[in-house]
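In the numbering used here, the protein residues as written are 2 to 371.
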């Protein structure tokens, strides 16, 4: 799907998506662990099986990646090629368009360029953060700052803030007023400790004292995901000490789980106080009928996705494509082992179908017996 489409175009594509889903729902709702139990390979069309059974993994990766050009491959069935092209047409573009590189934070409020380049300063923000999460935080923080400037709204609510990594970036690096809402009390406590660590580092290394009124306001709040978001409005007034129903703010959420994302979308739609929304959802399988589907058109047409299909949507296709292309088969082989184990278990004890088993660490050379 592309930007600036008409309502009719979007509805047409939704119809096509649902038609494809209905036709291949048995496959989209399949669990890898049931591969042998349910004999999924035998359920594929014979022409597919004949063309796929001897393919090399790197060729298979090109078929899975609809953006790749198919070269040096076996002749594929027309139905498979048509499905691949249809998926390509209906998919939202996955290539990142980063137009935020030239965006500079308003660090002049607190820090000069020498401080910003210092390793101690950087460590304050990136302490205990993996590279993947750091990449996400950097991009979403830049986007928040851009939206804050465009809307002239410099109050931000970070929903599901966790340890407060994003909140600290927005507050101390970009100079925004931030309220961090987190349901787990222990995470709020740890977030405040990390704030203290950062401020102590600023004072000890750079002789910079942070204005206490500009600190991140961490609140231990559990948002009602079956509600309209009014509890967020109350938390905002409390955090910023503003007893005004007209306070304006933006909402950011890095991986709001399940129905929390739809709750934030509803609040953005209903409240004129929310000037912008910047969220990246996760855990789609935890969505209920209250959270999905959101569009009236999809609801009217009874468009639904089963639990396993929504869970599948949480996985990045690029990760599997890369493993196939790079020969990292050991990391994929463990799934085949799990499916074989499920077959052995259910053949002997049918009542133990889908029973929980201990996880196994994936290592090079891992054999089934391990």
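For every residue, glycine included, the Cβ atom is placed at its ideal position computed from N, Cα and C. These numbers were taken from a predicted model, which means no experiment stands behind them.
- Note on geometry: alpha-carbon atoms of residue 283 and residue 254 lie some 10 Å from one another.
- Residue 257 sits away from residue 292, with the two beta carbons spaced by 7 Å or more.
- Residue 180 is classed as buried because its beta carbon has at least 16 other beta carbons within 10 Å across all chains shown.
- Residue 21 sits in a helix when the DSSP states are folded into three classes.
- Judged by DSSP in its simplified three-state form, residue 182 adopts strand.
- Counting along the chain, residue 331 sits inside the alpha helix (DSSP H) bounded by residues 331-349.
- Here the alpha carbon of residue 16 sits roughly 10 Å from the alpha carbon of residue 10.
- Per the coordinates, the alpha-carbon of residue 42 lies some 16 Å from the alpha-carbon of residue 343.
- Here DSSP, grouped into helix, strand and coil, assigns residue 250 to strand.
- Here residue 219 is buried: its Cβ has 16 or more other Cβ atoms, across all protein chains shown, within 10 Å.
- Note on the region 12-89: there is no whole beta strand (DSSP E) run with a minimum of 3 residues.
- In the DSSP assignment, residue 280 forms a beta bridge with 254.
- In the structure shown, residue 166 adopts helical secondary structure according to DSSP, grouped into three states.
- Spanning the alpha carbons of residue 126 and residue 52 requires a straight line of approximately 51 Å.
- Remark: C-beta atoms of residue 310 and residue 30 approach each other more closely than 7 Å.
- Leaving aside the five residues that flank residue 300 on each side, the residues in its chain whose CB is nearer than 8 Å to its CB run, in chain order, 294.
- Contact between the region 169-183 and the region 131-151 is present: 3 or more CB-CB pairs across the two stretches fall below 8 Å.
- Assigned with DSSP and collapsed to three states, residue 317 falls in coil, not helix or strand.
- Straight through space, the alpha carbons of residue 158 and residue 250 are spaced by roughly 7 Å.
- In the same chain as residue 328, and ignoring 5 residues on each side of it, no C-beta atom comes closer than 6 Å to its own.
- Short of 6 Å from the beta carbon of residue 326, and not among the five residues preceding or following it, lie these beta carbons of its own chain, in chain order: 59, 62.
- Straight-line spacing of the CA atoms in residue 361 and residue 341 works out to 14 Å.
- Annotation: residue 214 is outside any alpha helix (DSSP H) and is labelled neither H nor E by DSSP.
- With respect to residue 241, residue 148 sits apart: the two C-beta atoms are not nearer than 7 Å.
- By the neighbour-count criterion, in which a residue is buried when 16 or more other Cβ atoms sit within 10 angstroms of its Cβ, residue 136 is exposed.
- Judged by DSSP secondary structure, residue 358 falls outside any beta strand (DSSP E); it is assigned neither H nor E.
- Residue 369 counts as exposed, since fewer than 16 other C-beta atoms from the protein chains shown sit within 10 angstroms of its C-beta.
- Residue 243 and residue 285 have their alpha carbons spaced roughly 35 Å apart.
- Rounded to the nearest angstrom, the gap between the Cα atoms of residue 89 and residue 186 is 44 Å.
- Within the same chain, 130, 166, 167, 170, 255 come within 8 Å of residue 138 by CB-CB distance, once the 5 residues on both sides are set aside.
- Restricting attention to 82, 272, 47, the CA atom closest to the CA of residue 246 is found in 272.
- For residue 159, the enclosing beta strand (DSSP E) covers residues 156-160.
- Taking the CA atoms as reference points, residue 210 sits about 10 Å from residue 202.
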